[in-house]
Each structure stands twice: as C-alpha cells, then as structure tokens.
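Below is one structure, written out as structure tokens; the observations come after it.
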Amino acid sequence: MTAAGATPGTGALERARALLAAEPAARAAEQGLNDAGYLDLLDRELESTGVTQDLMVTRLVPAIYERFWRPALGRVAKGLMGPGMAEEMRIARLLLGLGEGDVVLDLACGPGNFSREFARAVRPGGLVVGVDASPTMLERGAAELRDSDPGNLVLIRADATSLPFRDASFDAASCFAALHLFDRPFAAVDEMRRVLRPGGRIALMTSVRRELTLRPLKPVIERTSGMRIFEGDEIVGALEQRGFTGLHRRLSGMVQFVGARLPGAD
Ligand SMILES: C[S@@+](CC[C@H](N)C(=O)[O-])C[C@H]1O[C@@H](n2cnc3c(N)ncnc32)[C@H](O)[C@@H]1O
C-alpha cells in the first residue's frame with residue numbers, strides 16, 4: 009500500500025527504475041510521475057492505425073472502457089459462450105504462471121484493468137509495470153490507483169514496439185486485446201521477447217481468422233475497424249520462431265488466447 013500522502017505508484021516507480029535502460033532511467037529520475045500519475049517516456053503521438061486505436065486516445069472511451077466498452081466488445085469478439093472478464097483475468101494469470109515476487113509487464117495496459125489484478129497476484133514482493141501509449145487511458149488508470157493502489161504497480165507511457173526496458177528484465181509479459189491494433193505487431197512481440205528473462209512467460213489475447221470468417225471479408229473488416237485479423241497459425245508461428253516453447257492456445261469466437269515460455273529456467 010502507498011504511504012500516507014505519497015502519489016500512488018511512487019514506490020513502484022522507484023523499483024521499476026532498475027528495469028529501465030540507462031537513458032529512460034535517467035529521465036525517470038528527473039521527471040518522476042507527472043501530475044496525472046504516470047511516467048511519460050513518449051515524446052510524440054503514435055501514428056493512427058485506424059478508428060479503434062483513435063478511440064483509445066479520446067476522453068470518453070477510457071472513461072467507460074473497463075465497465076462497459078471492454079466487456080461488451082469482448083463479448084462480441086469472444087462469442088456468447090466465450091469467457092467473461094473474470095475468466096479472462098484467470099486465463100491471463102494462468103498463462104503467465106504468476107506467483108509472489110514476479111516482475112510483470114502488462115503491455116498496452118489501457119486503464120490498468122489487468123495490471124491491477126496482476127499486481128494483487130504477485131504481492132508483496134512482485135512488481136507490475138503497465139505500459140500504454142494513450143495519455144487518456146493512463147490518466148484513467150492512475151485515477152483508479154488513487155482509489156485502490158496495490159502499492160506495486162506503476163504506469164508508463166511508451167510505444168509497445170520500442171520498449172524503454174533493459175534486456176531480460178521481466179518474469180512475465182502480457183498483451184491482451186491490443187496486438188491487432190499495433191502498426192508493427194511483430195516488432196512488439198520481438199520487444200516482449202527481448203525484455204523477458206530466461207524461463208519468462210508470455211500471454212497474448214488477440215484476433216484470429218477462423219474458418220467462419222470469409223477470406224474476402226477480412227480486408228473489409230481490417231480497413232473499417234483498423235484491427236488486423238491474424239491468420240490461423242500466425243501468432244503461434246511467430247512465438248515458435250522467437251524460441252518460445254510449451255505453447256498453449258484457446259480459441260473463442262474471433263479471438264485467441266496464447267501462452268508460451270522461454271527456455272532457460274525450470
Ligand atoms: C483495447 S485496449 C486493451 C487494454 C487491456 N489490455 C485490455 O485487455 O482490456 C488497447 C490499448 O492498446 C494501446 N496501444 C495501441 N497501440 C499502442 C502502442 N503502439 N504502444 C502502446 N500501447 C498501444 C491503446 O492505447 C489501448 O489502451
């Protein structure tokens with residue numbers, strides 16, 4: 009828990025500085041958390057990849073994201089029989105194999121809906137770093153921390169395809185409901201691979217083209233939504249190519265949950 013009077017995330021930022029590469033660590037020491045309550049390491053706006061990503065930087069969507077937007081759109085994407093939000097959190101925790109003391113990256117964390125859950129799972133010794141590019145999402149996430157700060161979670165503004173962390177600094181990395189929005193999704197996978205320690209675990213939730221999705225519809229959906237629809241084995245193949253093993257995958261409607269680990273630790 010945060011000491012009385014301290015901005016939520018301050019103690020976690022102190023610990024997270026050790027994970028940052030030299031230049032961002034120096035910036036973190038100089039800047040600290042901004043008035044909104046997150047560390048801003050991104051000096052520019054990201055290029056738009058389409059309407060869905062544009063909505064993430066509005067004020068309205070972050071305000072209703074966790075309670076309404078994500079559960080409703082998630083339901084459409086996962087199908088009626090697919091997992092609800094509590095079950096998604098459980099899937100993420102299991103795929104990441106979270107335990108006390110783990111250092112976790114929640115990439116494209118939005119308002120920190122999963123980050124806070126991870127922070128509880130790794131307490132008291134663990135640390136969670138939520139990274140997102142949207143100032144309004146992070147502002148919302150930091151406001152949530154003012155109500156319930158787990159004490160071991162810090163939010164950082166950065167680009168998923170160029171992370172400010174040292175190599176091999178995290179035990180687990182998650183990216184839910186976001187890879188399909190990135191301009192260069194496989195660069196983000198490379199970055200997650202780079203910052204994971206030997207034996208590190210990865211968990212992804214993203215789009216997948218099922219047999220039901222007619223091939224000619226794919227470019228239309230992608231163009232209108234700005235969301236990429238990954239081919240059947242594209243994500244699993246990308247993880248295997250990068251040396252991940254022990255792959256698990258669960259399909260649900262138009263999404264896939266994928267977990268894997270790096271060799272190197274038992
Ligand atoms: C749909 S939200 C996902 C939030 C949360 N992970 C979840 O599952 O509910 C997608 C997030 O990806 C972020 N995002 C998009 N492109 C990004 C990038 N290149 N780097 C970091 N975050 C990005 C958006 O700002 C948005 O908050």
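Residue numbers (my numbering): 9 to 274. Note that CB positions come from ideal geometry on N, CA and C, so glycine has one too.
Buried versus exposed call for residue i [16 or more other C-beta atoms within 10 Å across all chains shown]
i	result
glutamate 96	buried
proline 271	exposed
threonine 275	Any question about residue 275 goes unanswered here, given that the chain covers just 9 to 274.
serine 142	buried
arginine 67	exposed
alanine 150	buried
arginine 78	buried
aspartate 62	exposed
glutamate 152	buried
glutamate 53	exposed
Nearest-angstrom Cα separation, counted from residue j out to residue i
i	j	result
aspartate 175	aspartate 198	11 Å
aspartate 114	arginine 154	19 Å
glutamate 22	serine 182	22 Å
glycine 240	glutamine 39	43 Å
glycine 133	glycine 109	4 Å
threonine 253	leucine 104	13 Å
Check: residue i C-beta below 6 Å from any heavy atom of ligand 2
i	result
glutamine 61	Although ligand 2 was asked about, the structure shown includes only ligand 1 as ligands.
Start-to-end residues for the beta strand (DSSP E) that takes in residue i
i	result
valine 136	135 to 140
isoleucine 164	161 to 165
leucine 153	Looking at the DSSP string, leucine 153 is not in any beta strand (DSSP E); the run it does join, the alpha helix (DSSP H), is 143 to 155.
serine 215	204 to 215
serine 182	178 to 184
threonine 253	253 to 260
valine 111	111 to 115
valine 263	263 to 269
Neighbourhood of residue i by C-beta, 6 Å cutoff - its chain only, sequence neighbours within 5 removed
i	result
alanine 5	Shown here, the chain extends from 9 to 274; a query on residue 5 therefore has no answer.
arginine 148	Pro70 and Pro119
aspartate 48	Asn42 and Arg165
leucine 146	Tyr46, Asp140, Leu163 and Arg165
glycine 243	Per the sequence presented here, residue 243 reads as isoleucine, with glycine not at that position. Only Val266 meet the Cβ criterion.
Contacting residues, own chain, Cβ-Cβ under 8 Å from residue i (five flanking each side not counted)
i	result
threonine 60	Leu189, Ser233, Gly234 and Met235
glycine 251	Arg201, Leu270 and Pro271
leucine 102	Gly267
Residue-chain proximity (residue i, chain D), Cβ-Cβ < 7 Å
i	result
leucine 47	Among the chains in the structure shown there is no chain D, since it carries only a single protein chain.
Same chain, Cβ closer than 7 Å to residue i, five either side skipped, listed in chain order
i	result
alanine 100	Phe122, Ser182, Phe184 and Ala211
alanine 129	Arg101 and Leu106
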